Amino acid sequence: MAGVPDGKPKSDTKGSRRLLCLSGGGYRGLFTAIVLEHIEAQLQLKGTQRLRDHFDLVAGTSIGGLLACGIAAGIAARRLRETLEEDGGTVFPERSWPTARQMVGPLYSGATLAKVVRKALGGAATQTLQQIDVPLLVPAVSWISGEVVTFESKGLAGTRAPATTLLDVCLATSAAPTYFPAHALDSDVLVDGGLVANAPDLCALLAAQARWRLPLTGYEVVSIGTAGSLAGGVAGNVPQSGAKWAKGAQIVKLALAAQERLAVTQCESLLQSGFFRIDQQPSQGHLELQAMDQVDSSTTTTLRKLANDAIASARKNPPAWASQLV
Numbered sequence: 010m011a012g013v014p015d016g017k018p019k020s021d022t023k024g025s026r027r028l029l030c031l032s033g034g035g036y037r038g039l040f041t042a043i044v045l046e047h048i049e050a051q052l053q054l055k056g057t058q059r060l061r062d063h064f065d066l067v068a069g070t071s072i073g074g075l076l077a078c079g080i081a082a083g084i085a086a087r088r089l090r091e092t093l094e095e096d097g098g099t100v101f102p103e104r105s106w107p108t109a110r111q112m113v114g115p116l117y118s119g120a121t122l123a124k125v126v127r128k129a130l131g132g133a134a135t136q137t138l139q140q141i142d143v144p145l146l147v148p149a150v151s152w153i154s155g156e157v158v159t160f161e162s163k164g165l166a167g168t169r170a171p172a173t174t175l176l177d178v179c180l181a182t183s184a185a186p187t188y189f190p191a192h193a194l195d196s197d198v199l200v201d202g203g204l205v206a207n208a209p210d211l212c213a214l215l216a217a218q219a220r221w222r223l224p225l226t227g228y229e230v231v232s233i234g235t236a237g238s239l240a241g242g243v244a245g246n247v248p249q250s251g252a253k254w255a256k257g258a259q260i261v262k263l264a265l266a267a268q269e270r271l272a273v274t275q276c277e278s279l280l281q282s283g284f285f286r287i288d289q290q291p292s293q294g295h296l297e298l299q300a301m302d303q304v305d306s307s308t309t310t311t312l313r314k315l316a317n318d319a320i321a322s323a324r325k326n327p328p329a330w331a332s333q334l335v
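Using the numbering used here, read the sequence shown as starting at 10 and increasing by one per residue.
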């Protein structure tokens with residue numbers, strides 16, 4: 010049974026469990042990292058030194074998966090944010106003729122992504138899920154079986170946790186089709202978890218419920234987005250050919266955005282005041298944020314501004330249980 014150490018569900022003596030859920034979004038994950046850095050600073054003012062010490066479960070997809078792995082390993086949010094700012098352009102270099110390149114292979118190098126993941130995680134990159142005591146959940150998708158592969162740490166899965174390194178987890182959940190190559194792991198081939206759970210909120214809630222068996226009122230979820238647009242378009246401009254759907258990976262962007270919104274809406278409906286979403290939809294003028302791989306000074310400045318706006322908005326009327334976070 011997923012989310013239950015040793016397959017044995019048990020009731021919990023703790024009254025509530027707090028979950029941190031981080032969406033995917035490529036370089037827009039800088040927005041998430043800035044929000045996390047702010048939350049960590051607020052918690053440090055109150056005596057909690059690391060984000061992982063405040064949350065009972067951490068979940069993330071794609072870039073959110075990298076951030077979640079870092080948090081579970083005890084890495085400071087500031088360091089994760091600095092790595093994204095310093096190396097975002099290395100992972101997503103400026104390119105020419107992106108559409109043509111995506112037709113014949115992935116846009117970006119998996120080896121370069123691995124190098125940056127190692128920098129972000131440091132020595133924790135070689136730690137396995139069997140060594141991570143913090144409950145951690147990161148989804149990916151098996152190309153071979155078409156099934157969801159949910160990476161769970163020892164803190165969540167107990168003895169069922171695999172000997173998969175955090176580096177492999179990050180490369181698997183980030184292998185977005187047309188952007189990065191699929192990640193071969195053991196006897197499987199894995200692609201981006203964002204195809205099924207770009208917002209891992211419901212996956213995390215179900216795993217928590219299987220693990221702790223609390224009523225829904227016993228869960229508090231902090232969900233952080235990536236300042237993405239809704240990825241829709243003008244009615245008359247719906248692509249009518251495979252080539253147009255493939256242009257700029259439109260079908261991938263639409264799928265990620267639509268199921269992220271669905272997961273967030275459903276989780277909010279289930280938890281109501283127990284659900285706290287921090288996100289900021291960009292304006293129509295922020296066209297560069299429709300992409301997951303646009304890295305330049307303008308995009309970075311915009312993401313910083315949107316993150317600060319999201320924090321200011323979140324501080325206005327948070328649930329009582331979340332007031333100390335913002």
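Using N, Cα and C, we set each Cβ at its ideal position, and we do this for glycine too.
Keep in mind it's a predicted model, so treat the numbers as computed, not measured.
Closest to Asn326 by CA distance: which of Leu263, Lys55, Ser282 is it?
Residue Ser282 is the option with its Cα nearest to Asn326.
The alpha helix (DSSP H) with Arg308 in it runs from where to where?
The sequence shown places Thr at residue 308, not Arg. Looking at the DSSP string, the run of the alpha helix (DSSP H) that includes Thr308 is 306-325.
Using the DSSP secondary-structure output, state which residues sit across from Ile349 in a beta bridge.
No answer is possible for residue 349: it lies beyond the span of the chain, which begins at 10 and ends at 335.
With a CB to CB cut of under 6 Å and the five nearest residues on each side skipped, what residues in its chain are close to Ala149?
Val158, Ala181, Thr182, Leu199, Gly202, listed in sequence order.
Taking 8 Å as the cut-off, decide whether the C-beta atoms of Leu66 and Gly38 are in contact.
Against a cut-off of 8 Å, the Cβ pair of Gly38 and Leu66 comes out as no contact.
Report the start-end ranges of each beta strand (DSSP E) in the stretch 125-180 that is 3 residues or longer and not cut off at the edges.
Complete beta strand (DSSP E) runs here, min 3: 145-151, 157-161.
Nearest-angstrom Cα distance between Gln51 and Ala219?
About 30 Å.
Please list, in chain order, all residues of the same chain as Ala92 whose beta carbon is under 8 Å from its beta carbon, the five residues on each side excluded.
Going by the sequence as given, residue 92 is Thr instead of Ala. Cβ neighbours of Thr92 beyond the five flanking positions: Val125, Lys128, Ala129.
With a cut-off of 8 Å on the beta carbons, I'd call Gly34 and Ile72 a contact; round off their distance for me.
About 6 Å separates the two Cβ atoms, so the contact holds.
Using alpha carbons as the reference points, say which of Ser118, Ala42, Val231 lies closest to Thr99.
Ranking the options by Cα distance to Thr99, first place goes to Ser118.
Using only the alpha-carbon positions, how far apart do Ala216 and Asp210 sit?
About 10 Å.
Rounding to the nearest angstrom, what Cα-Cα distance links Gln140 and Gln58 in this structure?
Roughly 21 Å between the two C-alpha positions.
Answer with buried or exposed for Arg26, where buried requires no fewer than 16 other C-beta atoms within 10 angstroms of its C-beta.
Result: buried.
For Arg222, count the other beta carbons within 10 Å of its own beta carbon; 16 or more makes it buried, fewer makes it exposed. Which is it?
Burial call: exposed.
Is it buried or exposed for Gly74, if we count other Cβ within 10 angstroms and need 16 for buried?
Per the 10 Å Cβ criterion, buried.
Below 7 Å CB to CB, which residues in the same chain sit around Leu315 once its five sequence neighbours on both sides are set aside?
For Leu315, where only same-chain residues beyond five positions count, the Cβ hits under 7 Å are Phe40, Ala236, Gln289, Pro291.
By the DSSP assignment, the beta strand (DSSP E) with Gly74 in it spans what residues?
Note, Gly74: premise wrong, no beta strand (DSSP E); alpha helix (DSSP H) at 72-81.
Measure the Cβ-Cβ separation of Leu176 and Cys276 and say whether it is below 8 Å.
The answer is no: Cβ separation not under 8 Å.
Closest to Val178 by C-alpha separation, out of Ala166, Tyr188, His192, would be which residue?
Of the candidates Ala166, Tyr188, His192, the one whose C-alpha sits nearest the C-alpha of Val178 is His192.
Out of Val273, Ile80, Glu229, point me to the one whose CA is closest to Gly24's CA.
Of the candidates Val273, Ile80, Glu229, the one whose C-alpha sits nearest the C-alpha of Gly24 is Glu229.
Buried versus exposed, by CB contacts within 10 Å (16 or more), Arg286:
Counting of Cβ neighbours within 10 angstroms places Arg286 among the buried residues, the total reaching 16 or more.
Go ahead and pull the three-state DSSP assignment for Arg59.
DSSP, reduced to helix, strand and coil, places Arg59 outside both helices and strands of the structure shown, so it counts as coil.
Whole-angstrom distance between Leu145 and Pro190, CA atom to CA atom
Roughly 24 Å between the two C-alpha positions.
Val334 - DSSP class collapsed to helix/strand/coil
Rather than Val, the amino acid found at residue 334 in this sequence is Leu. Reduced to three states, the DSSP call for Leu334 is helix.
Could you check if Ala329 is buried or exposed, using at least 16 other CB atoms within 10 Å of its CB as the buried criterion?
Flag for Ala329 reads exposed.
By Cβ distance, which residues of its chain are closer than 6 Å to Ala323, with the 5 residues on each side in sequence left out?
Excluding sequence neighbours, Ala323 sits near Ile287, Val335.
Contact check, Tyr188 vs Pro115, beta carbons under 8 Å
One thing to note: Tyr188 has its Cβ within 8 Å of the Cβ of Pro115.
Under 6 Å Cβ to Cβ from Gly234, same chain only, skipping five residues before and after it: list those, please.
Within the same chain, and ignoring the five residues on either side of Gly234 in sequence, the residues whose Cβ sits closer than 6 Å to its Cβ are Ser32, Asp288.
Can you grab the Cα-Cα spacing for the pair Leu225 / Ile80, in whole Å?
Rounded to the nearest angstrom, the two C-alpha atoms are 25 Å apart.
CB of Ala172 within 8 Å of CB of Thr137, strictly
The Cβ atoms of Ala172 and Thr137 lie closer than 8 Å to each other.
From the DSSP secondary-structure annotation, give me the bridge partner or partners of Asp201.
According to DSSP, Asp201 bridges with Ala149.
Exposed or buried, Thr70, counting other C-beta atoms within 10 Å across all chains shown (16 or more means buried)?
Buried, since its Cβ has 16 or more Cβ neighbours within 10 Å.
Given a cut-off of 8 Å, decide if Ala170 and Glu156 are closer than it, judged by their beta-carbon atoms.
Contact: no.
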